[in-house]
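A.B. asks: Going down the list, the protein sequences come from chains A and B.
The first sequence begins at 1 in UniProt numbering and counts up one residue at a time.
The second sequence begins at 1 in UniProt numbering and counts up one residue at a time.
Glycine included, each C-beta is placed from N, C-alpha and C at the ideal position.
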Amino acid sequence: MSLETIWFCIIVLFWLGYLFLEGFDFGVGMLLPVLARNDTERRVMINTIGPVWDGNEVWLIVAAGAMFAAFPGWYASLFSATYLPLLVVLLALIGRGVAFEYRGKVDSQRWRRNWDRVIVIGSWVPPLGVGLILTTTVLGLPLDAHGDRIGGAFEAVRWDTLLGALAVAGFALVHGAAFLALKTAGDLRERARVFAVRALPVALVPMVLLLAVVQWRDGALWTLVSLAVAVAAAVVAWRKLAADRDGQAFAALGVTIAASVVTLFGALYPDVLPSTLDAANSLTVAGTASSPYTLEVITWVGAFGAPAVLVYQGWTYWVFRKRINAAQIPPVHTP
Amino acid sequence: MDVLQLARWQFGITTVYHFLMVPLTIGLSVLVAGMQTAWVRTGDQRYYKMTKFWGKLLLVNFAMGVVTGIVQEFQFGMNWNAYSRFVGDVFGAPLAMEGLVAFFVESTFLGLWIFGWDRLPKKVHLACAWAFSLATIASAYFILAANSWMQHPVGVTFTDGKPRLNSIWAVLTNNTALAAIPHTIAGAFSVAAAFLVGIGGWHLWRKRRSDDEHRAVWRSSIRLGGWTGIVAFAVLAITGDFQGKLMFEQQPMKMASAEALCHTEQPASFSIIAIGDVTSQNCEDVKTFNVPALLSFLAHSDFTTEVKGVEDLVTEYQAEYGTNYPDDPQLGELAGKPVDYVPSLPVTYWGFRIMIGFGAISAGTGLLALWLTRKDRIPDTRWFPRLALLGIATPFIGNSAGWIFTEMGRQPFVVVPNPSGVDGVWMFTAQAVSRISTGEVWTSLIALSSLYAVLGVVEVFLMRKYVRGGIDGVIPPEQTDEEGKDALAFAY
Chain A
1 MSLETIWFCI IVLFWLGYLF LEGFDFGVGM LLPVLARNDT ERRVMINTIG
51 PVWDGNEVWL IVAAGAMFAA FPGWYASLFS ATYLPLLVVL LALIGRGVAF
101 EYRGKVDSQR WRRNWDRVIV IGSWVPPLGV GLILTTTVLG LPLDAHGDRI
151 GGAFEAVRWD TLLGALAVAG FALVHGAAFL ALKTAGDLRE RARVFAVRAL
201 PVALVPMVLL LAVVQWRDGA LWTLVSLAVA VAAAVVAWRK LAADRDGQAF
251 AALGVTIAAS VVTLFGALYP DVLPSTLDAA NSLTVAGTAS SPYTLEVITW
301 VGAFGAPAVL VYQGWTYWVF RKRINAAQIP PVHTP
Chain B
1 MDVLQLARWQ FGITTVYHFL MVPLTIGLSV LVAGMQTAWV RTGDQRYYKM
51 TKFWGKLLLV NFAMGVVTGI VQEFQFGMNW NAYSRFVGDV FGAPLAMEGL
101 VAFFVESTFL GLWIFGWDRL PKKVHLACAW AFSLATIASA YFILAANSWM
151 QHPVGVTFTD GKPRLNSIWA VLTNNTALAA IPHTIAGAFS VAAAFLVGIG
201 GWHLWRKRRS DDEHRAVWRS SIRLGGWTGI VAFAVLAITG DFQGKLMFEQ
251 QPMKMASAEA LCHTEQPASF SIIAIGDVTS QNCEDVKTFN VPALLSFLAH
301 SDFTTEVKGV EDLVTEYQAE YGTNYPDDPQ LGELAGKPVD YVPSLPVTYW
351 GFRIMIGFGA ISAGTGLLAL WLTRKDRIPD TRWFPRLALL GIATPFIGNS
401 AGWIFTEMGR QPFVVVPNPS GVDGVWMFTA QAVSRISTGE VWTSLIALSS
451 LYAVLGVVEV FLMRKYVRGG IDGVIPPEQT DEEGKDALAF AY
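Now the structure itself:
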């Protein structure tokens, strides 16, 4: 396998890491108004992701950074072509990050309510936006010979990319509920589990439809296999949730997103951003890759860096492995 | 305004804003890790309280630094996609390294530090503080290496119309980077130092009548701030001088503009202040008050060498890089128009002076703080706490002016040609911008600036609240009941 193809796989892996990890912390934020009955329960929910959400978000930064380093042409075309959706994602992420940090810093109902709204909006918008952008890169845009978008600012917003937006948001919703079932105790846990059981058959429909569309347009035999794995894992997750096996359900959802991402990007390869205007304008792995030397340099960095990241992020989850319940939440203390 | 101007404004605004948060995070995180080390080693409660108090302010600030950093990374692809395509082979590598090696560590270990107070053994928890704070410095290193490559491209060949990386080592040890990194880190420490002195001084003064139990906390904070500020300034001066000398070699136009030095002089005099019209782009209109031969000394370490002036440099640049922009439709209205090689004179001239002036004022405040705390005189000097509070702003202003000077001084280039480097490895800013609609850039410029403005107000409000709350505001009352035993020591 060429270094270029390896880096294509690594970038897919970074995006997968991002969707898997931040997927559940988005889900927790999305469910804040649905599952919590009072402020203490809201705090329980937020604290399940408190120590880890920031580390999860770095997967996005690294996915983008790695695209810039390994496939500058892909990064340059995709990010400018999806300008406004990306801007909305950025605004939402800014608000969300600040909201987590600031919501408890003033002891006032109104203050917390307002920041909670920011958390909810900031947790719904990015998975929708990221879903739309990743689907765009898979399904393509009208690109000219420069690799620049032809047409208006909303060219990336179409029925098929919107399906991608719903797919990622739907996955995050279920994944977040499963994570809450795994990380909380008592009443809240039961509510999260029941929600996940009920929501899963509906929320994952867009994902399956998207996979079907992509498979039909560009799929190969082996992507059909990964598509089947994705659907089977979703069914397993559903049954495990119903059977009260939180951990196994959460893991099965992980398999669902992994198989989905593999299907999508497997169908995309060897393109990275197809042109719907003229196949000659499509951006490809080979056409946008950095020089072999640059790829070699970042391969060394990745070879040492990425395993270390997995080890210490894994350790973080181990340190904070205990379930959280309302009794553990300390009283509010602000100056 | 066209896309180019809008994108430049956006880059300027978001960068300067981001760099209000980042230096405080860098400086304060290292100092807080030091405070916690002192507590773990001595068991002295004073250091525990210092860690908690300054740590809380660090967190209020950190959130803003992170979220504004994401915008910085994405903006290269959104607004500057032609730049990204041109330099991606080189520029992306340090960015990816920053993420993989530094930023993951920073974010993960900060989470462990915040929430780990009751979950981790004392020493492991302390190690998390150090991992976090050292990673902020590593982050700065990679970003500055990337920026320095734009200022002085090295380690590349020019193949198929693009720079191709041939030595990552050369990029990471670029002399421009090695000068910029200690200079910028020292600037970060001077921000944290002024913060400690200003807030500590105010607390000491406010509690002067009562026999405050936290007096020792504030006194130690001021002394730590004072020393940090002085050492930081010494590093700033030495590295600044070194950077200046490099810049005379690498970007002579930037330095000539900083001095409004119109004609080549031998020996060249250093301008202390301008009395004429610096706002004019014609350097002939600028009349400055000069110290003879000093500029020759700053540039080349002797009092007699020639320093090139703006006008002669323009002729040289025109011969080297052309008198007109290429006739490329990508350049829009600028295609085929003459290139203006002189950066904005008022910005470079005053940016340079404000940077040095405010840096010096900041160090002066630190020195004063050390002198006054020596005999415990701070509570009685009414004027000092006020001065020190105002002094918090000075290194922020100095840093911002420094960045504006550095980035505006390299115009009209985004990648400045390296005089001893490979031919062709340079790029005009006008060629770097994305071909997108002005509506898109307007939208993001307005949306981001307004959001930044609102969040800036919120951060200042929270900072004020926690500063006023003092030690009692950050350490919750002891929980004695049995139920509290399993409680989290920290929760959002």
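#1: List, in order along the chain, the chain A residues whose C-beta lies closer than 7 Å to that of Asp2 of chain B?
#2: Report the rounded CA-to-CA distance for Thr135 of chain A versus Ala177 of chain B, giving the unit in angstroms.
#3: Taking the CB atoms as reference points, tell me whether His203 of chain B and Val235 of chain B lie closer together than 9 Å.
#4: With which residues is Ser107 of chain B paired in a DSSP beta bridge?
#5: Where are the beta strand (DSSP E) runs, 3 residues long or more, that stay fully inside the segment 158–212 of chain B, in chain order?
#6: Output needed for Gln488 of chain B: all residues of its chain with C-beta closer than 8 Å, excluding positions within five of it in sequence on either side, in chain order.
#7: On the three-state DSSP scale, how would you describe Asp187 of chain A?
#8: Can you grab the Cα-Cα spacing for the pair Ser325 of chain A / Ala363 of chain B, in whole Å?
#9: How is the beta strand (DSSP E) around Phe413 of chain B delimited, first residue to last?
#10: So who's on the other strand from Arg37 of chain A, going by DSSP bridges?
#11: Using DSSP bridges, identify the partner residues of Ile324 of chain A.
#12: Just tell me which of A:Trp59, A:Ala230 and A:Gly29 has its CA closest to the CA of Met97 of chain B.
#13: For Phe86 of chain B and Ile392 of chain B, I'd like the C-alpha separation in whole angstroms.
#14: List in chain order: all unbroken alpha helix (DSSP H) runs of 4+ residues lying wholly within the segment 60–133 of chain B.
#15: Would the beta-carbon of Asp54 of chain A fall within 9 Å of that of Val66 of chain B?
#16: Taking C-beta pairs closer than 9 Å, name the residues in chain A that Lys465 of chain B reaches, listed in chain order.
#17: For Thr394 of chain B versus Leu4 of chain B, is the C-beta spacing smaller than 9 Å?
#18: So which residues on chain A does Gly469 of chain B lean against when the C-beta distance must stay under 8 Å?
#19: If we count the other Cβ atoms within 10 Å of its Cβ and call it buried at 16 or more, is Val467 of chain B buried or exposed?
#20: Hey, Asp25 of chain A and Ile49 of chain A: beta-carbon distance below 9 Å or not?
#21: Check distances from the C-beta atoms of the segment 41–55 of chain A to those of chain B and list, in chain order, the residues that come in under 7 Å.
#22: Mind listing the chain B neighbours of Asp116 of chain A? Cutoff is C-beta to C-beta under 7 Å, in chain order.
#23: Would Gly77 of chain B pass as a contact of Ile61 of chain A if the rule is Cβ separation under 9 Å?
#24: Which residues in the same chain as Trp442 of chain B place their Cβ atom closer than 7 Å to its Cβ, once the five residues preceding and following it in sequence are excluded?
#25: Whose C-alpha, out of B:Thr68, B:Phe109, B:Pro346 and B:Cys262, is nearest the C-alpha of Val52 of chain A?
#26: Enumerate, from N- to C-terminal direction, the unbroken alpha helix (DSSP H) stretches of 4 or more residues contained entirely within the segment 237–291 of chain A.
#27: Would you mind working out which of B:Asp340, B:His125, B:Leu331 and B:Thr51 sits nearest Val314 of chain B, comparing C-alpha positions?
#28: Report yes or no: do the segment 128–142 of chain A and the segment 162–169 of chain A share at least 3 C-beta pairs separated by less than 8 Å?
#29: At what residues does the beta strand (DSSP E) containing Phe289 of chain B begin and finish?
#30: Mind checking if Ser434 of chain B is an interface residue toward chain A, Cβ cutoff 9 Å exclusive?
#31: Answer yes or no: does any C-beta atom of chain B fall closer than 9 Å to that of Ala286 of chain A?
#32: Return the CA-CA distance between Thr348 of chain B and Ala258 of chain B, expressed in angstroms with no decimal places.
#33: Looking at the unbroken alpha helix (DSSP H) that takes in Tyr317 of chain B, where does it start and where does it end?
#34: Entirely within the segment 364–388 of chain B and at least 4 residues each: give me those alpha helix (DSSP H) ranges in chain order.
#35: At a Cβ cut of 8 Å, what residues of the segment 318–331 of chain A count as close to chain B, listed as they run along the chain?
#36: Pick from B:Ala63, B:Gly43 and B:Gln36: whose alpha carbon is nearest that of Phe53 of chain B?
C.D. replies: This is what the structure gives:
#1: Chain A residues near Asp2 of chain B: none, gap ~16 Å exceeds 7 Å.
#2: 39 Å
#3: no
#4: Ser107 of chain B is not bridged to any residue.
#5: 162–165
#6: Going by the sequence as given, residue 488 of chain B is Leu instead of Gln. So the list reads Phe115 and Asp118, once near-sequence residues are dropped.
#7: helix
#8: Inspection of the sequence shows that residue 325 of chain A is occupied by Asn rather than by Ser. Whole-angstrom Cα-Cα distance: 50 Å.
#9: Phe413 to Val415
#10: Its beta-bridge partners do not exist; DSSP assigns none.
#11: Bridge partners of Ile324 of chain A: A:Thr184.
#12: A:Trp59
#13: 40 Å
#14: 81–97 and 104–115
#15: yes
#16: Lys105, Val106, Thr334 and Pro335
#17: no
#18: Thr334 and Pro335
#19: Burial call: buried.
#20: yes
#21: Arg43, Ile46, Asn47, Gly50, Pro51, Val52, Asp54 and Gly55
#22: Simply none; closest approach about 11 Å.
#23: no
#24: Leu6
#25: B:Phe109
#26: Counting only runs that start and end inside the segment 237–291 of chain A, the alpha helix (DSSP H) elements of at least 4 residues fall at 246–268 and 285–288.
#27: B:Asp340
#28: yes
#29: For Phe289 of chain B, the enclosing beta strand (DSSP E) stretches over residues Thr288 to Val291.
#30: Taking Cβ atoms only, chain A reaches closer than 9 Å to Ser434 of chain B, which makes this a yes.
#31: no
#32: 5 Å
#33: Val310 to Tyr321
#34: none
#35: Val319, Phe320, Ile324, Ala327, Gln328, Ile329, Pro330 and Pro331
#36: Comparing C-alpha distances from Phe53 of chain B to each of B:Ala63, B:Gly43 and B:Gln36 shows the shortest one belongs to B:Gln36.
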